[in-house]
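Here's the structure, in structure tokens; my notes come after.
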Amino acid sequence: MPGDPLFSQRFSIQGKDFLNAGKASSRIKGILRDIGIQPSVIRRVTIACYEAEMNVVLYARQGTIELRVTPQDIRIRVEDEGAGIPDLELAMQEGYSTASDDIREMGFGAGMGLPNIKKNADELTIDSIVGTGTTLEMLVRL
Amino acid sequence: MEEYFHSVQIVSQRCVGRMACMKACPTEAIRVRRGKAEILEDRCIDCGECARACAHNAIVPRTSSFVDFSRFKYTVALLSPVIYGQFRKDVLPRTVISAVRRIGFDDACDLARASEAVSIAIDEYLAGYRGPLPLLSPFCPTIVRLIQARYPNLIDLLIPLDSPMEIAAREVRQTKMKELGLRQDEIGVIYLTPCPAKMVAIKYPPRKRGSHLDGAIGISDIYHPLLSAVSDLNNDPPEGEKPVTGMGLGWPLLGGQVWSLRAESGLAVGGLGDVERILDEIEEGKLGDIQYVECHACAQGCSCGSLTVGDPYVTRSAILNLVARFGSQPCQDPEKVRQLYRSGYFSLPGKIPSRPFPPLDQDIAKAIEKRKRIQETYETLPQINCGACGAPTCLSFAEDVVLERAAFEDCPVLTAREAREQRV
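Residue numbers (our numbering), protein chains in the order written: chain A, 1 to 142; chain B, 143 to 566.
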């Protein structure tokens, strides 16, 4: 809708940076709280956003998260430069994971990331080019 | 909108505007305007960090004073076991109890026994509970307020059981009514509290039912007379006092609740920053393998309450010594407590309402617009969070500007920069 207010902000994420992993999602949560978004919606966005952020940290070299909030919906677009997802259908299945042993040892890579995003988002699109990167866009309606 | 009663208030005449309180406030609820600190009432969660930070005694707890209790024929002081850790190691709990009587209360008892009973009740509750985990302890009033404000999704995880303070107050009042033939309102039950937040829990309990207490006095407020009485008595320890025992002695310390439970998977977290991190994880569904989470606003639990006198670590060590000496066995028959639990003795009816911090605007479109302007304003600020404008961070200043609580020119860094540029 033209003329509708829009809040947008970009956050960059570094691959393998476990020290700061999750901070972008945390800041997004803070922004949504400031605006006064319903707590149950914030929860869904935060869970989905955290999973997407962790995917970048775990599997990509680097990436960005862009948050867009309008009176109708919240959109999160996560773009990364990394290995990409060879078989998207497989990756959407619960429990399927390509995580290495060391990632699993840290408690990640249980194969719940993408299914969890799908569960919490109202719409989800994923484009991935193997060897180049992945773009994930999710929408949660208000 | 209902008004807030807060645990502390600012005495403006004493405030010299040094901003220690503003920087200490974990919810950015303090601003300094025209040299004086002000509390944004709807953002305050009663933690008392501001009062602790103020070197000028300008932020005072809204606890009770002795004169408030002159209307009672008989007064009973309830002691947090934290008070035992405020004296030299050779001072016995029963000496402290006698000293409390000597300074003007008709009787005194501590919360160890009631805490132990509540532990047993929590175990029973956990055993019968089938909902989402973890459950949260509801005993730190600041944490409850934090959850009401920022984690309304978690309100239903707060265990609906009454606090040791309330249980003990109800019991002691009934006992004294029978024993002395007094009416309910002739007996004053007063908590000797390590922190000002308890006063909020007494005056405005979150579940909106009456409290069994008539007020709370800060430990620091009575410390001086108490210390003299303790010194007098300590050379000649009183006989005939009931020994202080029970697994509830360590309750106010960080980890004390978890330690006293049978539940296998508990977690104790103290300090608002760490508590928020754990609550974030719970909200994201990550800690479902834990049964009970004990949360304290203060890093070490109630031993660092802002109305205590002793060093929190020394206090902790002293109480742990007491626990080792007197607290390893229950001081009451657990089966009797379980019977009471089944009769609903510990249960709290009613729902805790959410009380979110006010959004930027009630209208979502306007709120988004304002958040956008806040971000734009923030981008033009120095982003060094110096606080000289009277707001704790550049982001909170940007918010103040957009909400018209401050003017852009209030940023002294930018104003100085402009003045310099004009000179060149």
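Beta carbons are placed, not taken as given, at the ideal position from N, Cα and C, and that holds for glycine. Predicted model, so just to flag it, every value in this text is computed and none were measured.
* For leucine 142/A, count neighbouring Cβ atoms within 10 angstroms of its own Cβ and tell me buried if that reaches 16, exposed if not. => exposed
* To do: Determine the extent of the beta strand (DSSP E) in which phenylalanine 11/A is found, giving its start and end residues.
  => 7-14
* Below 8 Å CB to CB, which residues in the same chain sit around proline 5/A once its five sequence neighbours on both sides are set aside? => Thr70 and Pro71
* What are the residues of the stretch 503-530 of chain B that lie near chain A, defined by any Cβ-Cβ distance shorter than 7 Å? -> Ile506, Ala507, Ala509, Ile510, Glu511, Arg513, Lys514 and Gln517
* In this structure, does DSSP put methionine 143/B in helix, strand or coil? -> With a pLDDT of only 39 at methionine 143/B, under the threshold of 50, the placement of this residue in the model should not be trusted; the figure read from the coordinates follows. Note: methionine 143/B maps to coil in three-state DSSP.
* **Below-8 Å beta-carbon distance, valine 435/B vs any chain A residue** => no
* Asked: Using a Cβ-Cβ cut-off of 7 Å (strictly less than) and excluding sequence neighbours within five positions of serine 489/B, which residues of its own chain qualify?
  -> Pro302 and Leu303
* Helix, strand or coil for tyrosine 602/B per DSSP? -> Residue 602/B is absent from the model: chain B starts at 143 and stops at 566.
* To do: Give the single residue among Asn527/B, Gln290/B, Ser305/B and Arg312/B whose Cα lies nearest to the Cα of cysteine 354/B.
  => The question names cysteine, but residue 354/B in the sequence shown is histidine. Checked all of Asn527/B, Gln290/B, Ser305/B and Arg312/B; the closest Cα to histidine 354/B is Arg312/B.
* **Assigned exposure category for glutamate 518/B - 16 Cβ within 10 Å defines buried** => exposed
* Report the residues of the stretch 413-433 of chain B with a CB closer than 8 Å to any CB of chain A, ordered along the chain. => Asp422, Glu425, Glu426 and Gly427
* Asked: Does the beta carbon of threonine 70/A come closer than 8 Å to any beta carbon on chain B?
  -> yes
* Asked: arginine 33/A versus chain B: which residues are under 9 Å apart at the beta carbon?
  -> Arg292, Pro498, Phe499 and Pro501
* Asked: Whose C-alpha, out of Ser128/A, Leu32/A and Arg27/A, is nearest the C-alpha of proline 86/A?
  -> Ser128/A
* alanine 241/B versus isoleucine 432/B: straight-line alpha-carbon distance, rounded -> 42 Å
* Asked: Does any CB atom of chain B fall closer than 8 Å to the CB of proline 5/A?
  -> yes
* Starting from lysine 178/B, follow its DSSP beta bridges and name the residues at the other end. => Arg175/B
* In this structure, does DSSP put methionine 138/A in helix, strand or coil? -> strand
* Asked: Is the beta carbon of glutamine 228/B sitting closer than 8 Å to the one on valine 465/B?
  -> no
* Asked: Based on the DSSP output, what are the partners of tyrosine 434/B in its beta bridges?
  -> Leu277/B and Gly408/B
* alpha helix (DSSP H) containing threonine 535/B: first to last residue? -> Looking at the DSSP string, threonine 535/B is not in any alpha helix (DSSP H), and its letter there is neither H nor E.
* To do: Could you check what DSSP says for glutamate 79/A in three-state terms: helix, strand or coil?
  => strand
* To do: Count the other CB atoms, across all protein chains shown, that sit within 10 Å of the CB of methionine 106/A; report buried if there are 16 or more and exposed otherwise.
  => exposed
* Asked: Secondary structure at alanine 162/B, three-state DSSP: helix, strand or coil?
  -> helix
* Asked: CA-CA distance, aspartate 327/B and lysine 350/B?
  -> 20 Å
* What is the rounded straight-line gap between the Cα of isoleucine 126/A and the Cα of threonine 135/A? -> 6 Å
* To do: For the stretch 84-113 of chain A, enumerate the residues whose C-beta is nearer than 8 Å to any C-beta of chain B, in chain order.
  => none
* Determine the extent of the alpha helix (DSSP H) in which aspartate 101/A is found, giving its start and end residues. => 101-105
* Neighbourhood of arginine 10/A by C-beta, 6 Å cutoff - its chain only, sequence neighbours within 5 removed -> Thr64 and Glu66
* Asked: asparagine 376/B CB to nearest chain A CB: under 8 Å?
  -> no
* leucine 221/B, enclosing beta strand (DSSP E) - first and last residue -> 216-221
* Could you pull out every unbroken alpha helix (DSSP H) segment of at least 4 residues lying fully inside the stretch 432-492 of chain B, listed in chain order? => 454-468 and 476-484
* For alanine 254/B, which of Ala269/B, Val224/B and Pro283/B has the nearest alpha-carbon? -> Val224/B
* To do: Taking glutamine 62/A as the reference, give the member of Lys119/A, Ala121/A and Asn20/A with the closest Cα.
  => Asn20/A
* Short check: CB of glycine 443/B to CB of leucine 391/B, under 8 Å? -> no
* Cα-Cα separation between arginine 75/A and aspartate 122/A, rounded to whole angstroms -> 10 Å
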